[in-house]
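S.K.: Sending over a structure as structure tokens; questions will come in a sec.
Protein chains: 2
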Amino acid sequence: MDKKTLMESARERVIETISHNMYLYGVTPSIGRLYGTLFFNDKPMTLDEMKEELKMSKTSMSTSVRTLTDLNMVEKVWKKGIRKDLYEAKKDWYQIFIDFFSNEWRKVISLNVKAINQSMRELKTVLEEDLTIDEKETVLHDLEKFNYAIEYYKWLNQLFDYFESNQIFDLITKQEIEKELD
Amino acid sequence: MDKKTLMESARERVIETISHNMYLYGVTPSIGRLYGTLFFNDKPMTLDEMKEELKMSKTSMSTSVRTLTDLNMVEKVWKKGIRKDLYEAKKDWYQIFIDFFSNEWRKVISLNVKAINQSMRELKTVLEEDLTIDEKETVLHDLEKFNYAIEYYKWLNQLFDYFESNQIFDLITKQEIEKELD
DNA sequence: TTGTACGTACAGTTTGTACCGTACGTAATT
DNA sequence: AATTACGTACGGTACAAACTGTACGTACAA
Chain A
1 MDKKTLMESA RERVIETISH NMYLYGVTPS IGRLYGTLFF NDKPMTLDEM KEELKMSKTS
61 MSTSVRTLTD LNMVEKVWKK GIRKDLYEAK KDWYQIFIDF FSNEWRKVIS LNVKAINQSM
121 RELKTVLEED LTIDEKETVL HDLEKFNYAI EYYKWLNQLF DYFESNQIFD LITKQEIEKE
181 LD
Chain B
183 MDKKTLMESA RERVIETISH NMYLYGVTPS IGRLYGTLFF NDKPMTLDEM KEELKMSKTS
243 MSTSVRTLTD LNMVEKVWKK GIRKDLYEAK KDWYQIFIDF FSNEWRKVIS LNVKAINQSM
303 RELKTVLEED LTIDEKETVL HDLEKFNYAI EYYKWLNQLF DYFESNQIFD LITKQEIEKE
363 LD
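The listed protein sequences derive, respectively, from chains A and B. My numbering applies: residue 1 is where the first sequence begins, and numbers increase by one. My numbering applies: residue 183 is where the second sequence begins, and numbers increase by one.
Shown next as structure tokens:
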């Protein structure tokens with residue numbers, strides 16, 4: 001294998017691995033591959049360049065890039081004289097990690113909390129009616145579980161606050177190497 | 183709406199919300215719904231009971247329950263005199279959250295690190311050959327990125343160590359209520 | 001040993017979604 | 001104003017994943 005191929009395959013291996021593991025962020029391998037490609041490409045790319053590089057349709061590049069933008073993994077950049085939109089990978093992985101929780105997870109938490117609050121209100125009105133022993137017990141059990149959930153979501157939000165405020169880096173510093181990986 | 187329906191719908195709303203939001207853990211709504219059902223069912227359930235409750239096939243229940251078990255969200259329990267397998271939801275959501283990172287994320291990190299190390303070794307041998315200025319620059323750039331990634335994964339692992347050791351609860355206590363949700 | 005109950009592997013079917021080509025709206029260029 | 005270049009909404013297709021039914025292996029019961 002000549003040096004050219006070796007250089008390419010070394011990069012490809014990592015891109016491919018990343019692409020198959022970005023399901024943790026809820027994206028498909030194709031989208032992951034696009035991020036990997038942008039990450040290793042030092043210059044911003046146009047949709048046409050991505051299309052060419054990945055041998056996929058321009059449409060796919062457009063929607064994929066939008067997904068990555070929504071996840072704060074990619075941003076549009078401007079360069080004078082160039083009409084096409086240019087995109088480049090955000091390269092601060094710590095920030096991407098934190099943003100993911102601050103955005104995606106908090107969105108979900110908010111939805112769950114809303115549903116739980118609604119159900120709690122309803123159950124509390126039911127409590128005022130005549131209930132059998134069993135019914136009352138069931139309602140109280142459910143209310144306990146709802147309360148537990150709410151507490152948990154509060155905890156999660158506090159945790160994400162901690163991430164977002166960068167206090168987490170006081171606790172675990174970026175450069176520090178304390179133990180060997182693998 | 184009578185009290186019976188109200189009680190059921192209050193519970194259903196929350197189960198449904200959870201089921202649609204458990205994609206963050208990489209599971210489908212069906213599997214999420216099963217977890218929700220088990221969570222609110224105070225007694226362990228058999229596959230047949232789940233099948234009946236969710237109006238799905240026993241096969242689906244079997245595979246779904248296995249998925250949830252792999253995620254440490256459900257466990258098999260024994261009861262003397264009962265031949266069927268019984269399953270119940272694990273109810274410690276903090277632990278589930280932590281286990282998710284300790285298991286799923288670490289698995290992915292390990293794979294990524296392996297790929298990167300392999301590629302780093304290859305690039306370092308390439309560096310010893312005759313390279314054009316441009317080639318050498320590219321290789322060095324890639325090596326820098328690989329190093330960055332390795333550092334990031336070390337950081338993540340340290341973070342998860344912190345979770346796993348429960349030190350995180352010293353930092354953010356479970357009961358504490360500091361701010362209002364939503 | 002035979003019969004019964006149970007969980008799951010497997011293969012078939014259906015549902016969902018990733019991806020493509022086309023065709024349109026918008027904005028820059030002349 | 002006309003033309004060109006560009007990004008994306010839309011509808012169709014093809015592949016993948018979720019789900020089902022059957023059928024088998026295993027373990028307990030009689």
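The beta-carbon is built from N, C-alpha and C at its ideal position, and this holds for glycine as well.
(1) For Glu315/B, count neighbouring C-beta atoms within 10 Å of its own C-beta (all shown protein chains included) and say buried if the count is 16 or more, exposed if not.
(2) On the three-pair Cβ rule with 8 Å, is the segment 299-319 of chain B touching the segment 37-53 of chain A?
(3) Out of Lys3/A, Met22/A and Glu8/A, which has the shortest C-alpha to C-alpha gap to Leu293/B?
(4) Which residues in chain A have a C-beta closer than 7 Å to the C-beta of Met255/B? List them in chain order.
(5) Below 8 Å, can you find three or more Cβ-Cβ pairs linking the segment 212-228 of chain B to the segment 267-274 of chain B?
(6) Is the beta carbon of Ile116/A less than 7 Å from the beta carbon of Val196/B?
(7) Please classify Leu171/A: is it buried, with 16 or more other beta-carbons within 10 angstroms of its beta-carbon, or exposed?
(8) Kindly list the residues whose CB is nearer than 8 Å to the CB of Lys186/B, restricted to its own chain and excluding five residues on each side of it in sequence; keep chain order.
(9) Should Phe169/A be labelled buried (16 or more other beta-carbon atoms within 10 Å of its own) or exposed?
(10) Can you tell which of Gly208/B, Asn348/B, Arg193/B and Ser201/B has the C-alpha that lies nearest to the C-alpha of Ile280/B?
(11) Quick check: the Cα distance between Tyr148/A and Lys258/B, rounded to an integer number of angstroms?
(12) How far does the alpha helix (DSSP H) with Leu156/A in it reach, from first residue to last?
(13) So, with DSSP's three-state summary, where would you put Glu176/A?
(14) Taking Cβ-Cβ distances below 8 Å as the criterion, which residues of the segment 214-246 of chain B are in contact with chain A?
(15) Which partner residues does Met255/B have in the DSSP bridge list?
(16) So, does the CB of Leu363/B fall closer than 7 Å to a CB anywhere in chain A?
M.R.: Judging by the given coordinates:
(1) Here residue 315/B turns out to be Ile, not Glu, going by the sequence shown. Under this definition Ile315/B is an exposed residue.
(2) no
(3) Met22/A
(4) Here the premise fails: no neighbours, minimum Cβ distance about 14 Å.
(5) yes
(6) yes
(7) exposed
(8) none
(9) exposed
(10) Asn348/B
(11) 23 Å
(12) Ile133 to Glu164
(13) Its pLDDT being 46, under 50, Glu176/A is placed unreliably in this model, and the value from its coordinates should be taken loosely. Coil at Glu176/A, not helix or strand.
(14) Phe221, Phe222 and Asp224
(15) Beta-bridge pairing links Met255/B to no other residue.
(16) Its pLDDT being 41, under 50, Leu363/B is placed unreliably in this model, and the coordinates cannot settle the point.
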